[in-house]
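>
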Amino acid sequence: MDRKLGEKFTIAEDKDDPFECTGYKKDSTKTAICYVCYVLTLGFLLLVFYWRKDWKLKATGTVCSIEEADALLIQDIYNRQHVSLIQPLEIAGLLLYNDFNQEHLRESMKGIIKKDVVRNSSINYFRYQKVNYIWDPSEKRFFKLRALDGNTPCAEFYTKHHEGLTDEQAAHRQAVFGFNQIIIRVKPILLLLVQEVLNPFYIFQLFSVSVWFADEYYYYAVCIILMSGISIGVSLYTTRTQSVTLRDMVYSDTTVQVLRNGEKIELGEDLVVPGDVIIIPPRGCSMTCDAVLLSGNCIVNESMLTGESVPVTKIPLPKNSSDKATPGIYVPDDHKRNTLFCGTRIIQTRGTGMVKAVVVRTGFSTTKGSLVRSILYPRPTEIKLHRDAIRFVIMLSIMAGIGFLYTIIIMVKAGSPIDVIIIRALDIITIAVPPALPASLTIGMVYAQLRLKRQGVFCISPTRINLCGMMDVVCFDKTGTLTEDGLDLMGVQEVLHKRFSPLQNRINSIQISRLISGMASCHSLTMIEEELAGDPIDLKMFQATGWIFEEPRKLDSSDESSSRPVLTIVKTPHSYVNDDNTYYEIGIIRQFPFSSNLQRMSVVTRTNQNEDKDHEPIEVFVKGAPEMVASLSKPETVPDDFADVLDYYTQEGFRVLALAYKTLDNAIDLPKVFDISRDEVESDLEFLGILILQNKLKVETKPVILQLRDAQISTKMVTGDNILTAINVAHKCEMISPIDDVYRVTYNAGNVLYTLLPPIHEDVNEEKIQNGKKHDNVSVSMTKRHHLAIDGKTFEQIRAEFPEQLEKIAVKGTVFGRMSPDQKTQLVDVLQHLDYSVGMCGDGANDCGALKTAHAGIALCEAEASVAAPFTSKTPNITCVPIAIREGRAALTTSFGMFKFMALYSMIQFVSVMILYSVQSNLSDLMFLYIDIVVCTTVVLLMGRTEAYDQISPNKPDKKLMNPTVIFSILAQVSLQTLFQLGAFLAVKQQSWYDPNPVEDPDEKNLVLYESTSVFLLSTFQYIIVALIYTPGPPYRKPIYTNILYVVAMLIITIYTLFMLFFIPDQLLGPMDMIFLPDNRFKFVLFGLVLLNTALALLIEYVFVRNKRFIDLITCRPCRKANVTRFRQIEMQPIRSESSAVNEGNGVSITTTDMAAELIQE
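Just remember that my numbering sits 21 ahead of the position in the sequence shown, which is counted from 1.
#1: Please report how far the alpha carbon of L524 lies from the alpha carbon of L166, in whole angstroms.
#2: Give the C-beta separation of L855 and V832 to the nearest angstrom, bearing in mind that I take them to be a contact with Cβ-Cβ under 8 Å.
#3: Could you check where the beta strand (DSSP E) with N769 kicks off and where it finishes?
#4: Any heavy atom of the ligand MG closer than 7 Å to the beta-carbon of K1129?
#5: Does the beta carbon of K377 sit closer than 8 Å to a beta carbon anywhere in chain B?
#6: What three-state label does DSSP hand D37 in the structure shown?
#7: Helix, strand or coil for D91 per DSSP?
#8: From C175 to A312, what distance separates their C-alpha atoms?
#9: Is DSSP giving W156 helix, strand or coil here?
#10: Leaving out five residues before and five after F917 in sequence, what residues of the same chain have Cβ atoms less than 6 Å from its Cβ?
#11: What is the DSSP secondary structure of S616, counted as helix, strand or coil?
#12: Can you tell me which of P353, L1049, A679 puts its alpha carbon nearest to the alpha carbon of V666?
#13: E515 lies in the beta strand (DSSP E); which residues open and close that run?
#14: DSSP three-state call for Y351: helix, strand or coil?
#15: The beta strand (DSSP E) that contains Y149, what's its start and end?
#16: Got a sec? Which residues, its chain only, sit under 7 Å from G674 by beta carbon, not counting five neighbours each side?
#17: In angstroms, rounded to a whole number, what distance separates the CA positions of F1131 and F1125?
#18: What is the DSSP secondary structure of F1001, counted as helix, strand or coil?
#19: With distances taken from CA atoms, which of I711, S735, S654 is nearest V702?
#20: Between A191 and V294, which are expected to be in contact by the criterion C-beta below 8 Å, what is the C-beta distance as a whole number of angstroms?
#21: Can you tell me where the beta strand (DSSP E) holding V277 begins and where it ends?
#22: Compute the distance between the beta-carbons of K377 and L361, then report whether it is under 8 Å.
#23: With a threshold of 16 other CB atoms inside 10 Å of the CB of L553, please say whether the residue is buried or exposed.
#24: Following the continuous beta strand (DSSP E) through E673, name the residue where it begins and the one where it ends.
#25: Can you check whether the CB of Q102 is closer than 8 Å to the CB of D75?
#26: Below 8 Å on the Cβ atoms is my guess for T967 versus R820; work out the distance and round it to an integer in Å.
#27: Measuring CA to CA, which of V650, E648, V641 is closest to L691?
#28: If we require 4 or more residues per run, which alpha helix (DSSP H) segments fall completely within the stretch 1008–1093?
#29: Would the stretch 992–1008 count as touching the stretch 1106–1117 if we require 3 or more Cβ pairs under 8 Å?
#30: Measuring straight from C-alpha to C-alpha, what distance separates G283 and T658?
#31: At what residues does the alpha helix (DSSP H) containing G918 begin and finish?
#32: Under the assumption that L1028 contacts Q941 (Cβ atoms under 8 Å), give the Cβ distance between them as a whole number of angstroms.
#33: Quick check on DSSP: helix, strand or coil for G390?
#34: On the three-pair Cβ rule with 8 Å, is the stretch 191–200 touching the stretch 374–393?
#35: Report yes if the CB atom of T500 is closer than 8 Å to the CB atom of D742, and no otherwise.
#36: For A1199, count neighbouring Cβ atoms within 10 angstroms of its own Cβ and tell me buried if that reaches 16, exposed if not.
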C-alpha cells in the first residue's frame, strides 16, 4: 500500500519494543546552508549535530515517503530519537557463486527470506539496535529479518532441513544473515578519548578553562584540567573495562560439526548459518546459535540465561505443534523444551547415532544476542530525575544570562576595556552553571553499589539503584523465593474405586503399583558425574520410592527392532527382586518435559514384566497440576471427592501434584512412539492419585514481609502454583493479615466475580465459588484492607474481555496464582503504567521477563552477575529486598542532597562575584581554588559515604527534584545567603578604618579590597553551612556523625577557615589576595553573622521546609487540584455491585461463599 508523504509507520514484531519511523531524503539546498553555518559558527553547529543526529537529519533532509527515503528517523516508546540509514545489500557481489542468473538469485533469496524483496541484485535494509529490517517492495513496508524462527512449520524441519545445506545454499544464507557472531567492539583508546572530550559536559569545561586562562586564572584552570583529566581517565578506564568484560563474557571461538553437501565437516562457529544441521557431541558443548533439536535428547545447563542451575532436558521437536493460535508452526517461546539456546551449555546427550539440531537463529538474533542487546541498549531509567535536573540547569542558565547582562552593564559604566568586559561576562556563566553538577549526582550510586556488593547483592546497572529507593510495590515469586527450594514429600493418596485411599507416608514400603511406577519414572532426572541431578521435586519424588536409577541402555539387546534406546532405566530395589533374580524395570522411551504453560510433563515407558518381550506394554505416565491432570483424565476415573481433597491440602499450604497413566494401543509399536504427538499421549488418561508435598516458608520471609508492610510498601505474590496454596502462604508470611478479607476473582459466563472468602471453620470449593449467591451493595472500600486473589486463566480472560477491570485487579490484587512467565511480565507492565515503581524478586528462571521489565529486578542465584536481572543476590532469600531498598533510598537522598548543595554552591559563588563586580573586584585565583577544590570537592567525594539507615521508613523519599519542598528550600537558602553576604559587604564599609582603595597596584586585575576579603570569608562559611544542612540523615541514611571521614574533613575545613578569619599570617595574605582586617571586633561581627546565618539556615531547613502544612500553605495546595498517582486513585475506588450490574452488562459481581477453616490458619 502506498504511504502518504511523511506518514509515520510503526514496526512492532516479537517482544521487541515497537518504534515509529519517518522517511527523509537528502536535500542539497539544506545541506549547503548547513555547511555555511558550520563555518559561521566555527564548527559549533557541527558539534550540536554530533550530539543530536536527529536534528542533523531534519536540517539536511526533507520528509518523504518511506519508499523514497535515504534515512529513517526512529522514535522509540521512550520518545528517544534515532537515525538509521537505508542501505542496499548487494547480493551478487557477496555470493561465492556467480554461475547463476538474476532469476535464480531472486528465487533463492525468496526461499530464504520468504518474500520477494530482491530488486536489481540488491536488497534495501536498515539496521537498528543490531537487527536488520528488510524493505518489501510489494507491500511497501519494512519487516524484521527472520530466519527459521518465523512462520516455519514444525514438519518442515524434518522434511526440508534435516539433511543440511549445500555450499551454495550456505553461501546465500551467509550473504543475507551475516556471520554467526555476537561481537562487542571495544573502541580504541583514542576514539573513546575523542568521544569523551566531545561530551557536552567536557565541552563546557573546555569553554570554562578557556575563559579562565584568558582571565589569567591559571592555578584554578590548571587544577580543573587535572581534575577533568583524571575524570576522563577514570571514565575511559570504566567504559573500556565494561566493554572488555562484556566482550569476554559473550566471546566464543569454537568449531562446530555440521552437515554440508551430505557430509559431516567441521566449521568455525562464525560460518554457521540458519538451516545448517549441527551435530551435538555426546560429551556436550557450548551452544553458539539457537537450534531446534531433531533427534536424541540433550541435558542442558541454562544458568547463563536464567540464573537457574538445575539441568534441563531438551527433547526433539514434535512434527505438529499443539499451539491453537499457530497450529503446526515452530514458535521458539512455545517450544523452549525443543530448542537449544545460544549461550547455554549442553552437559551430555542421549540417543543412538547422531544427535542433530537445525540452526534457526544466529548472531544477535539468538536468545543470547537478544540479552546482549538489552545490555547494550537498556531501557532508560530515572527519566523524571534527569528531566528535573535538566530543568534546573536551564534555570541556572537563565540566572547566568541575567548575570551576563548585569556584568556588561556594570563594566560599561565603569569604563572597563572591551576585552575585560567580554571575559568577565563569560566568566559569570561558568560560575552560575556548575560544571561538576552531572558527576556529583552519581556519587551516591557509586557508594551504594560498593555497599551492595559487600552485602552479596551485585548490580550490573548502577542507574537502577536510585529506582530501588522509589519502590512502591514488590512482586515475589513463591517457590524458591518465599518458600524453600526443596519440598518434603508428606505422602501419597492412591485412587481406589473412585475414592482416595488414606494418606500413606512410607512410600518405599508400598507394593508396586502404577502410582509407584509413575513416581519412579515420570521425571526428567539425569546422571551427571555419577550424581543424580534434576528438578528438586522430581529428585525428592524418585528418592522416596527407593528405586534404582541407571544410565540409558536398550531394554533388550537382542531386540533389533528397538532402533532407538530408552532414555533412562529405573528398577526396583533389592527387596523387589523377582523369583528369577531379575528386577522389575521400567525404561523411559520418550519424554515430554514439564511446560509452565501446559502445567504438566509426561513420559512414555516400557516395562520388562512380561516374559514375552514382543508384547511388553507401552505405558504413558503424566504428572502435573491436579486440575490439569484431572481435566485430561477420564471423568469416571477421577474421585468424586477430588475437589474437596485438593482444596483441603492447598488451603493447608501443601503443594499437590497428580499422576495419571494410560496404556497405548497395541497398534502403536516402539518406532511409532516417536511420531505420536503430545496431545495424543496426554489424553484419555486414568487418574492414579496425588502426591502431597510440603513447601516450607523460609525463616527470613515473614520478617521481611512485615518490614515492607510496616514501611507501607505493597507486596504481591506472583506464582505458577495453585491459587489456594498461594493464599495460604500469603497468610503464613502475613502478606495477608489475619484480620484482612480475601476476594477470589473468577470469570464466569462473561462476568467478573469478586467472591469474598470468609474466615475460618467453613467449607469452600470451586463450584461454590463459581455459583455463589450474589450479594448486592457489597463494597470493597479502604476502611479495611482487602485483597484480591486471581489465577492466570482468569487474568488472561479479564485482560482480553474487561481490560478496564485489570487495573483494579493489579492494584488491589495480592495473590496471583497459576501465572505463566508471560503473564508475570504483563502484570509488572500493568503496574508500571499505573505509576508504580515496581520491584520484582525471583529465582531467575521463569521470572526472567518480569525481572528485566521491573524497575528493580533482583534474581536469587549464585552467580555474581546474571543477564536475567539488573540485580543478583548470592543470598538465597528475600533479605536482599530491604537491603536494596535501603541502599536505594540512601543513594536517592544523597543525589537530592548533592543536587541542592551544588545549586547553593553555584548561587553563593554567583552572588559573591556579582557583589564584587560592583566595586570592580573579584575573588582571587586561590580563593576560587580553596572554595572549589578544598571545600566543595571534599563535600562531593565524602557526603555519599554515609551508610543507609537500618530501618525502612514508612515515609518514602521524594521522587521529583522539582517539587515544592526542594524549590522552597533552595530559594529560601539562596535568599538567606545573599542577605548575609550583602550584610558583610555593607558592614565593612561602615567601619572607621575602612579604605575604599587600600592597596595601590595598577597591575592587579582584581582590586584587593576589604569587601572582597569579607565576602570571601563569610561565603566560605556558607558553603560549609549548606553542606551540613543538606547532608541527609535519618530516616534514609545514618546520622552524619557515623561518616567519620566526612565529619573530620569538615571540621578541618571549618577550623582552617576560622584560622583565616582570626589569625591569617602575612605570608598567606598576598597569595590569597586578601587584606588584613585590623579590628578584632569586626572579625567577631563576621563570626556573629556566621552563627546567625547558621541558626537561620537550620531554622528554614528543619522547621519550615519539613513542615508539610507550611509548604502546602505557601504553595496554595488547598486551592490546587491534588496530583494523585493513578494507582492511588484506584486504591480509593470501591468495587461495588448494584443489583442490576450483571444485567446491564458490565460484567462485575461480588459474591460471598463459605471458606474452609484451614484457609487462614498457619
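Every residue, glycine too, gets a C-beta built ideally from N, C-alpha and C.
So, from the listed chains and residues:
#1: 57 Å
#2: 6 Å
#3: 762–769
#4: Ligands displayed in this structure: none; no statement on the ligand MG is therefore possible.
#5: Given the protein chain composition of this structure (a single chain), no chain B is represented.
#6: coil
#7: coil
#8: 13 Å
#9: strand
#10: none
#11: strand
#12: A679
#13: 509–517
#14: coil
#15: 143–149
#16: T746, N749, V750, K753
#17: 6 Å
#18: helix
#19: S654
#20: 5 Å
#21: 276–281
#22: no
#23: exposed
#24: Element bounds for E673: n/a, residue is neither H nor E.
#25: yes
#26: The pair is not a contact, with the Cβ atoms about 45 Å apart (cut-off 8 Å).
#27: V641
#28: 1031–1050, 1065–1083, 1087–1093
#29: yes
#30: 51 Å
#31: 901–938
#32: 6 Å
#33: helix
#34: yes
#35: yes
#36: With the chain covering only 22 through 1183, there is no way to say anything about residue 1199.
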